[in-house]
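Trainee: Provided herewith is a single structure, encoded as structure tokens, for subsequent inquiry.
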Amino acid sequence: MQDLENGSKTWSGRFSEPVAELVQKFTASVGFDKRLARYDVEGSLAHAQMLHSVGILNQEDLEAIRSGMKVILEEIESGKFEWSVELEDVHLNIEKRLTALVGDAGKRLHTARSRNDQVATDIRLFLRQEIDGILVSIRILQKALLDLAWENADTVMPGFTHLQVAQPVSFGHHLMAYFEMLERDHSRMSDCRARMNRLPLGAAALAGTSYPIDREMVARLLGFDGVCENSLDAVSDRDFAIEFCSAASLVMTHLSRFSEEIILWMNPGFGFIDLADRFCTGSSIMPQKKNPDVPELVRGKTGRVTGHLMALLTLMKSQPLAYNKDNQEDKEPLFDAVDTVATSLRVYAEMIPGIRVNREAMRRAVGRGYATATDLADYLVKRGMPFRDAHETVARAVRFCDGKNCDLSDLSIKELQSFSELVSEDVREFLTLEGSLMSRNHVGGTAPDAVRAAISRARKNLG
Ligand code: ARG
6 MQDLENGSKT WSGRFSEPVA ELVQKFTASV GFDKRLARYD VEGSLAHAQM
56 LHSVGILNQE DLEAIRSGMK VILEEIESGK FEWSVELEDV HLNIEKRLTA
106 LVGDAGKRLH TARSRNDQVA TDIRLFLRQE IDGILVSIRI LQKALLDLAW
156 ENADTVMPGF THLQVAQPVS FGHHLMAYFE MLERDHSRMS DCRARMNRLP
206 LGAAALAGTS YPIDREMVAR LLGFDGVCEN SLDAVSDRDF AIEFCSAASL
256 VMTHLSRFSE EIILWMNPGF GFIDLADRFC TGSSIMPQKK NPDVPELVRG
306 KTGRVTGHLM ALLTLMKSQP LAYNKDNQED KEPLFDAVDT VATSLRVYAE
356 MIPGIRVNRE AMRRAVGRGY ATATDLADYL VKRGMPFRDA HETVARAVRF
406 CDGKNCDLSD LSIKELQSFS ELVSEDVREF LTLEGSLMSR NHVGGTAPDA
456 VRAAISRARK NLG
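What follows is the structure, encoded as structure tokens:
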């Protein structure tokens, strides 16, 4: 119980009995917020430099703080730092150690600051760094997609609606749809970073401080674009964490949709692609199995991130201004969302180049679903038939094919003409898969030339 004596607490002066052990454990956050240590030190060093420049801290104290923090960082990196639950959180652990190392200078560091603006600053610094990594990972994945799409601009696969064969599309075009989603993800993450990049420090506990601080200087030192304008908002705002989780949920939702498709395409009933063995696992009982565990796990992990978004929204919804201890609950969901989205992106970027495409299987599948029925209708329309009539005419032809168990392209010109006199020899090129693809040659269309143009534009934009 020795450690629990009032004297060990930074704020113990006001209390007449030690905090119950259970409460101490319940309220401590050091178990997870120690992850913020390097940002806590970074923020403290900037704060100390500012305190010195406005004359609150002398040169000697500043240097003592700097040398103490250096030791602390080394101790943390080498795993020698002794984290203590009694000291509640990362902030008090570091401050106590600093004071043990350098004496009173350590105790002066907290002048004109509170843990409320300190923690708000730490999380922003942390998340900014993580977003930068995520932005890079999105780009790497996008580049992998561009390469695979380029190789497959001419690869014909069935495009689906309702998971039923609809029209032929280029596999490259299909992949480029995911490129577009990731492009929006990149922009959302960048937006979140830009809005978040403001300094809370200076807000102190909630109302600001009576010391002559220089917030702009601290903002500059820490790479923030400006300062938070309202002290109450600065310490209590967690919008940025919610925005991040929202953007991250969308990244995961996109990867989850992609995963679902990869899993389907790997099924022998489709057989469209094969994943490199190093991305699959076997079954302990069924010797023939090759399971797409990686996409399955990404699909599964999507729920975690969406869950964290809900957790953070719910965490904030009833909090009065300004800081409340509730806010300590922001960290674990945020950390897990960061880790999940970062790893999922990395694993995806490595998986994509290992995809082997089975062009024959895609072709067979598209040949089975009357994928060129719309092309035949369009052909009739271009020869003067109103679209609704053309639709009906082709539907009858499809039914006829159903009975004969063949594709529209297998019908003779005579047979086709029995449905409409407008049909002539040139209908053939409209009924082939290549003809169907090539006819959709506009920005956003699936013609191989349009797909290649889209990929080239994307490559240029990515630089
Ligand atoms: N561990 C706290 C958190 O994560 C730090 C801020 C504590 N502030 C306070 N007044 N108790 O939010």
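Final position of the sequence shown in the numbering used here is 468; the numbers increase by one with none missing. We treat Cβ as the ideally placed atom computed from N, Cα and C, and that holds for glycine.
#1: Give a yes or no on whether the C-beta atoms belonging to residue 258 and residue 306 are separated by under 8 Å.
#2: Leaving out the 5 sequence neighbours to the left and right, which residues in its chain are closer than 6 Å to residue 6 when beta-carbon positions are compared?
#3: Taking 8 Å as the limit between beta carbons, can you name the residues of its chain near residue 430, skipping five residues before and five after?
#4: State the Cα-Cα distance for the pair residue 78 and residue 67, rounded to the nearest angstrom.
#5: Measuring from the CB of residue 336, is there a heavy atom of ligand 1 at a distance below 7 Å?
#6: Can you tell me where the alpha helix (DSSP H) holding residue 379 begins and where it ends?
#7: Are the CB atoms of residue 118 and residue 25 nearer to each other than 8 Å?
#8: With C-beta atoms as the reference, is residue 457 less than 8 Å away from residue 451?
#9: With a threshold of 16 other CB atoms inside 10 Å of the CB of residue 191, please say whether the residue is buried or exposed.
#10: Where does the unbroken beta strand (DSSP E) through residue 177 begin, and where does it stop?
#11: Just confirm the distance between the C-beta atoms of residue 128 and residue 246, as a whole number of angstroms; I'd bet it's less than 8 Å.
#12: On the criterion of 16 or more Cβ atoms from any shown chain inside 10 Å, does residue 199 qualify as buried, or is it exposed?
#13: Kindly indicate which three-state DSSP category residue 451 falls into: helix, strand or coil?
#14: From residue 52 to residue 227, what does the alpha carbon distance come to, in whole angstroms?
#15: In chain order, what are the residue ranges of uninterrupted alpha helix (DSSP H) at least 4 long that sit wholly in the region 236-315?
#16: Does DSSP put residue 162 in a helix, in a strand, or in coil?
#17: Quick one: what does DSSP say residue 170 is sitting in, helix, strand or coil?
#18: Let me confirm a value: residue 291 is counted as buried when at least 16 other C-beta atoms fall within 10 Å, else exposed. Which label applies?
#19: Output the distance between the C-alpha atoms of residue 105 and residue 195, rounded to the nearest integer angstrom.
#20: Please state whether the Cβ-Cβ distance between residue 31 and residue 336 is less than 8 Å.
#21: What does the Cβ neighbour count give for residue 217, buried or exposed, with the cut at 16 atoms within 10 Å?
#22: What do you get for residue 248, buried or exposed, if any count of 16 or more other CB atoms within 10 angstroms of its CB means buried?
#23: Between which two residues does the alpha helix (DSSP H) containing residue 44 stretch?
#24: For residue 38, is the beta carbon positioned less than 7 Å from some heavy atom of ligand 1?
#25: Roughly how many angstroms lie between the CA atoms of residue 379 and residue 462, to the nearest whole one?
#26: Mind reading off the beta-carbon distance from residue 427 to residue 381? Whole number of angstroms is fine, and I expect it under 8 Å.
#27: For ligand 1, any of its heavy atoms closer than 7 Å to the Cβ of residue 333?
#28: Kindly indicate the opening and closing residues of the alpha helix (DSSP H) around residue 74.
#29: Here's the rule: buried if 16 or more other CB atoms are within 10 angstroms of the residue's CB, otherwise exposed. What is residue 16?
#30: Thinking C-alpha only, which one of 325, 156, 243 is nearest residue 176?
#31: Whole-angstrom Cβ separation of residue 149 and residue 459, contact assumed at under 8 Å?
#32: With distances taken from CA atoms, which of 438, 318, 135 is nearest residue 369?
#33: If contact is defined by three or more beta carbon pairs under 8 Å, each pair taking one atom from either stretch, is the region 284-304 in contact with the region 316-335?
#34: By DSSP's criteria, residue 106 is part of a beta bridge. Which residues make up the other side?
#35: Taking its Cβ as the centre, do 16 or more other Cβ atoms sit within 10 Å of residue 365, making it buried, or is it exposed?
#36: For the alpha helix (DSSP H) holding residue 229, just list the boundary residues, first then last.
Mentor: Looking at the atomic coordinates:
#1: no
#2: Per-residue confidence for residue 6 stands at a pLDDT of 37, beneath the threshold of 50, marking its modelled position as unreliable; the derived number appears in the next sentence. Excluding residues within five positions, none has a Cβ falling inside 6 Å.
#3: 418
#4: 16 Å
#5: yes
#6: 378-387
#7: no
#8: no
#9: buried
#10: Not the beta strand (DSSP E): residue 177 falls in the alpha helix (DSSP H), residues 176-201.
#11: 7 Å
#12: exposed
#13: coil
#14: 10 Å
#15: 236-241, 244-271
#16: strand
#17: strand
#18: exposed
#19: 41 Å
#20: no
#21: exposed
#22: buried
#23: 42-58
#24: yes
#25: 29 Å
#26: Wrong, their Cβ atoms sit about 11 Å apart, outside the cutoff.
#27: yes
#28: 64-82
#29: exposed
#30: 156
#31: That pair is no contact at about 16 Å.
#32: 438
#33: no
#34: Per DSSP, none; premise fails for residue 106.
#35: exposed
#36: Element bounds for residue 229: n/a, residue is neither H nor E.
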